[in-house]
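Okay, so the sequence shown: first residue is 1 according to full-length UniProt numbering, each after it adds one.
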Amino acid sequence: MEEFKQHYKGLIDESLTCQDKVELIKKCEKYTDEVIRKDVLPEDIVDIHKNYILTLNLTREDVSRH
1 MEEFKQHYKG
11 LIDESLTCQD
21 KVELIKKCEK
31 YTDEVIRKDV
41 LPEDIVDIHK
51 NYILTLNLTR
61 EDVSRH
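So this is what it looks like as structure tokens:
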């Protein structure tokens, strides 16, 4: 699960700086397939996402830019 979390956090980081959204979407689609294969619960993903985003201390401008 730790490797899974790190991969997900990497996608979040990339989404904040990525210029090529098409490539990012492709990576996210592959990640979705991985989530389905590993039977990760949606609640787990929400918790990972919420907790990691909170640690980034993003401003409203940071979020709205992407």
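No residue lacks a Cβ here, since even glycine has one placed at the ideal position from N, Cα and C.
Look up residue i in the DSSP assignment and say whether it is helix, strand or coil.
i, result
"Val-46", "helix"
"Leu-58", "coil"
Starting from residue i, trace the alpha helix (DSSP H) both ways and give me its first and last residue.
i, result
"Leu-24", "21 to 38"
"Leu-41", "Taken as a continuous stretch (DSSP letters only), Leu-41 belongs to no alpha helix (DSSP H), as it is neither H nor E."
Stretch-stretch touch, CB-based, cutoff 8 Å, three pairs: the stretch 49 to 59 with the stretch 8 to 22: yes
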